[in-house]
Amino acid sequence: MSLLSVSDLTVGYGPVRALAGVNLELAEGTITAVLGANGAGKTTLLRTINGLLRPRSGSVRVAGQEISRLAVEDVVRLGVAHVPEGRGVITELTVAENLRLGGLWRRDPADLRAAMREVYALFEPLGQRREQPAATLSGGERQMLALGRALVSRPRLLMLDEPSLGLASRITIELMAVVRRLRADLGMTVLLVEQNARSALSIADRAVVLNVGRVVADETAAVLATNDTLRHTYLGF
Amino acid sequence: MTHVQESTKTSVPESTGTGVRGSTLLRHLAVGVVAVVVVLLLSTVLDPYRNLQLTNVAYLVCAAAGLSVLTGLSGQISLGQGALMAVGAYVTALLLQDGGWPLPLVLIIAVVVTALVGVLVGAAAARLRGPYLAGATLAFAIGLPALADYRGLASTLGGQNGLVVLSPAPPEWLAEVSFDRWQLGISTIAAAITLVLLGNLVHSRFGRCWRAVRDDEVAAQLAGLPVARLQIVAFVVSAACAGLGGALLAFVNGLAAPGAFPLTLSLQLLAAVVLGGLGTLPGAVYGSFLLVFLPTWSASLATRLDLSRDIYANLPLAVYGAVLVLVMLAFPSGVQGGISRLIRRIR
Amino acid sequence: MLRFLNLTLGGIGTGVVYAAVALALVLIWRSTRIVNFAQGGMMMISTFVAWSVIDWTGSYWLGLAAALFAGLILGAVVERLVIRPVENAPPLNAVIVTLGLLVFLQAMAGMIWGGEPRSFPPAFGIVGFKLGDTRLLFSPSDLFAVLAVMVVMVLLGLVFQRTAIGLQMRAAAFAPEIARVLGVRVGRTLTLGWALAAVVGALAGVLVAPGSFVSPNAFDAILVFGFTAAVLGGLDSPAGAVVGGLILGLLLSYLAGYAGSDVVTLGALAILVSVLLIRPNGLFAGSRGRQI
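Line order of the protein sequences matches chains A, B and C.
Position one of the first sequence corresponds to residue 2 (the numbering used here), numbered consecutively onward.
Position one of the second sequence corresponds to residue 1155 (the numbering used here), numbered consecutively onward.
Position one of the third sequence corresponds to residue 12 (the numbering used here), numbered consecutively onward.
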């Protein structure tokens, strides 16, 4: 069964349609990349799944449950974790506080502490800077923090919005490697929105390409990587 | 081809003095004159108490119209309009103490002095925004009346008891006109002049510039508008209006005392303007009517329902407060937007 | 010298109350970016409630507890019903709503308790402590006020820095959308923030009441002083609110002592305007740039 099922999703701001009739199926334990140019609707898709935006029509189901009318806080409680565009690290709080925040809603302090230890083990720089304000972190470290914060809530579905934005390519490669490990070790289902199509395709199982709010391709990553026409037209390489 | 040429010939309006702006002024003047005549005629048939109520409405219209322009048009929240009225009132009282000054001159001086105070307040306010501006004008509204108690000025300003105003009698050629009608006439003419002048200002370049600053200050600045100067001018204009209103208040009530200018007056003026329609001039008129007649209505309602004195004394304020809150909640995009939306729907 | 000492102690006594009001304003500003102009009105209602309870039961402590409880409920109800709709609207809307609420609360108080000023009993004696032969202008009641506010500050600090809900409230204040994405029920934290702020304000109202008579308009000036103290310390800084309150209390005390008490309100106005013009972000300015 699909963990995430988006059918005929239409989202609009007034007369503008950011998403028009988008269909998407996410199988459990897979990494799906959502690709496309700026303004194609990728971030809108994530924000709608998360509940930050209300669709005009269509449905979003997580494990069979309809979530398009739920508030953000309730979607999160179904195990959907969103790492927003630009990281969304709260700079006024410390690293530890940012991490804790991600898992407070579970109301399980012991498990939260354990989860935080796992994140510190996964991302060494975070472990070393626990009590420092998040403002002192570099771009790559902030991405680790944002990712760690999502992991602390032990999500079923992890949604990443342009994680490579503003990061050096070496760090992007490390980041993608971490995401692949998450899929391998934890069976995590990942929805990866990326403008950097090449790095996304390197770890994705499936790839969906959006253009002006519509799905123009929905293939396995391997097929997409070898389809020159699609790549040139929509992905720029 | 010829079609295009014809349209360009007639599309640009003449930009001489009798152009678009001229006709607006004439239109406003006509309405103002008619309104004054109507009120004067009405005053002959109404009893003195009603005339007094209408007089109260008239001088409140002056202050309210200025506030409506300041807060609604240039987007600056001022909680100090009542305090500025006090300035006009005290100037009037001081000038009339010696007697001999003709009334129109006294009113003009009161307006000018209050406008000068408006320059000071406006200069300070030009750098403040939103809640900071509201808080500063709030402090001004509470602090200024306290000046009357200040040791050094208490003798000149009469302390808590205030100054008695020797209202000049009507001139001989109006000798048969009763005092209340005389007061109503002066106040109505003043209010009409205020509304006409403000109406012109609202439709002028100033009005457009203020709206631009209100809607997006950064964009206005980038477009080259002198934001600070515009904001100060708005304050000066509204202060002048408040000064006129306060001067008339002193003239009508025969007294200028701190107790007549509590914080609630400023809040009530704001309430009147918000209810009537922020940024509109008719709104200032509706609001002022409400300010004067609501206490009377609630008093008669209270006696009919046999409510206690505590309740009917506070009923008008309770209604103002509730209406302010409810109107703001019902029109989240701003009252002006709400009302024009309604008007569009009705049309 | 004694005069200076007395003025200083007096300034601390009043400053601590200004600090509490400023703290309430700062808490609300930090969480909802609104200046609560109705703060004085809310304080007045909770103080009247205390007065009524003391009148029935004769117990000061029951009255104080009632005031704090009334503040809690009032703060929560106001946020949920009146403030929530204008939280994301232009600032003018929130200003008008809080002003309307102020007028409404004052009118309500007038209807329920009448306009006559009531006297409010102090917690402890109001006769000053004795220092050798001289009597200081600092009484057990003043000491209680200082201790009470300090205790409240420490408790609030602990709640915000050490508890889960405190962390959620801070996150919701700094970055509401991100907090929501992390599962924080932001609406509830805002309600809680207002409720806590109202409790602090209620405490301030009860502490200042014995010195002045309680009437619907009694707390207008307190709002101005509290706002000035909050601006002085920086609207974003709770610590600044407390420091600002103490500084304001001291300054006004010296002003009243050396220049006469009729200048006090004007003095506060002058301080407010000066701070707004010279250093609008207050003494403890954070690094919040203006959002364009």
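The beta-carbon is built from N, C-alpha and C at its ideal position, and this holds for glycine as well.
Opposing strand residues paired with residue i [DSSP bridges]
i	result
B:LEU1385	Looking at the sequence shown, residue 1385 of chain B is not Leu but Gln. BP columns for B:GLN1385 are empty, so no partner.
A:VAL216	A:LEU211
A:ILE32	A:VAL191
A:GLY13	A:ARG18
A:ASN66	Residue identity differs from the one stated: residue 66 of chain A is Gln in this sequence, not Asn. In DSSP, A:GLN66 forms a bridge with A:VAL63.
C:MET180	Note: C:MET180 sits in no beta bridge, so no partner.
C:ALA232	In DSSP, C:ALA232 forms no bridge with anything.
A:LEU158	A:VAL81 and A:THR190
A:ARG48	Paired residue(s): none; A:ARG48 is not in a bridge.
C:LYS141	C:ARG146
C:ARG129	C:VAL225
Neighbourhood of residue i by C-beta distance below 7 angstroms, restricted to the same chain and skipping five residues each side
i	result
A:MET145	PHE124, PRO126 and LEU127
B:ALA1189	ALA1346
C:LEU85	MET53, ILE56, SER57 and ALA209
C:TRP11	The structure shown does not extend to residue 11 of chain C, since chain C spans only 12 to 303, so no value can be given for it.
B:LEU1445	LEU1214, GLN1422 and ALA1426
B:TRP1336	PRO1324 and LEU1328
A:ALA222	ALA34, LEU202, ALA205, ASP206, ARG207 and ALA208
A:ALA1	Look at the range of chain A in this structure, 2 to 238, and you will see that residue 1 of chain A is not part of it.
Below-8 angstroms beta-carbon distance, residue i vs any chain B residue
i	result
C:ASN17	no
C:SER298	Residue placement at C:SER298 cannot be trusted, given a pLDDT of 47 that sits under 50; what the coordinates show is reported in the next sentence. It does not: the Cβ of C:SER298 has no partner Cβ on chain B nearer than 8 angstroms.
C:THR239	yes
C:ASP144	no
C:THR276	yes
C:PHE295	no
8 angstroms Cβ cutoff, residue i in contact with chain A
i	result
C:GLN302	Only weak support exists for where C:GLN302 lies, its pLDDT of 38 falling under 50; the value from the coordinates is given anyway. Not an interface residue.
C:VAL211	no
C:GLY194	yes
C:ILE39	no
C:ILE189	yes
C:ARG173	no
Chain C within 8 angstroms of residue i, Cβ atoms only
i	result
B:PRO1256	no
B:ASN1468	yes
B:TYR1304	yes
A:VAL63	no
A:VAL96	no
B:PRO1285	yes
B:MET1239	no
B:VAL1446	no
B:VAL1428	yes
B:PHE1360	no
A:SER154	yes
Cutoff 8 angstroms; reference residue i; Cβ partners in own chain excluding five residues on either side
i	result
A:ARG131	THR95, VAL96, ALA97 and TYR121
B:SER1165	The predicted model places B:SER1165 with a pLDDT of 39, which falls under 50 and marks its position as unreliable, so this point remains unresolved.
C:LEU36	VAL46, ASN47, GLN50, ALA208, GLY237, PHE238, ALA241, LEU246 and ALA252
A:ASN212	GLY37, ALA38, ALA41 and TYR235
Proximal chain D residues relative to residue i, where beta-carbon distance stays under 7 angstroms
i	result
B:VAL1479	Structure shown: chain D not included; protein chains present are A, B and C.
Cutoff 6 angstroms; reference residue i; Cβ partners in own chain excluding five residues on either side
i	result
C:ARG301	At C:ARG301, the pLDDT of 40 sits below 50, so the modelled position is not reliable; the number obtained from the coordinates is stated separately. Closer than 6 angstroms at the Cβ level, and outside the excluded window around C:ARG301, lies no residue.
B:GLY1272	PHE1389, VAL1390 and ALA1393
B:VAL1158	The predicted model places B:VAL1158 with a pLDDT of 38, which falls under 50 and marks its position as unreliable, so this point remains unresolved.
_Would the region 213-227 of chain C count as touching the region 183-200 of chain C if we require 3 or more Cβ pairs under 8 angstroms?_
no
*Which ranges does the alpha helix (DSSP H) cover as unbroken runs of at least 4 residues, wholly within the region 1366-1430 of chain B, from first to last along the chain?*
1371-1376 and 1381-1407
*Ignoring anything shorter than 4 residues or poking outside the region 119-153 of chain A, list the alpha helix (DSSP H) runs there in chain order.*
125-129 and 140-152
*Complete runs of the alpha helix (DSSP H) confined to the region 72-96 of chain C [at least 4 residues]*: none
_Three-pair Cβ contact test at 8 angstroms for the region 1276-1291 of chain B versus the region 275-288 of chain C_ = yes
*Three or more C-beta pairs closer than 8 angstroms, one from the region 184-191 of chain A and one from the region 106-114 of chain A: is that the case here?*
no
*Determine, using beta-carbon pairs with one atom in the region 146-155 of chain C and one in the region 17-27 of chain C, whether at least three such pairs fall under 8 angstroms.*
yes
*Is there contact between the region 1345-1363 of chain B and the region 1230-1238 of chain B, where contact requires at least three CB pairs shorter than 8 angstroms?*
no
*Below 8 angstroms, can you find three or more Cβ-Cβ pairs linking the region 176-184 of chain C to the region 269-277 of chain C?*
no
*Would you check if there are 3 or more beta carbon pairs closer than 8 angstroms linking the region 92-102 of chain C to the region 1467-1486 of chain B?*
yes
*Let me know the beta strand (DSSP E) ranges lying completely inside the region 1205-1258 of chain B, each 3 residues or longer, listed in chain order.*
none
*Below 8 angstroms, can you find three or more Cβ-Cβ pairs linking the region 1220-1232 of chain B to the region 1298-1309 of chain B?*
no
*At a cut of 8 angstroms, does the region 222-238 of chain A reach the region 1178-1185 of chain B through at least three beta carbon pairs?*
no
*Within the chosen definition, does the region 181-196 of chain C reach the region 72-83 of chain A through at least 3 CB pairs nearer than 8 angstroms?*
yes
*Can at least three beta-carbon pairs, one atom from the region 112-129 of chain C and one from the region 1428-1440 of chain B, be found at a separation below 8 angstroms?*
no
*Any 3 or more C-beta pairs closer than 8 angstroms across the region 1201-1219 of chain B and the region 1399-1419 of chain B*: yes
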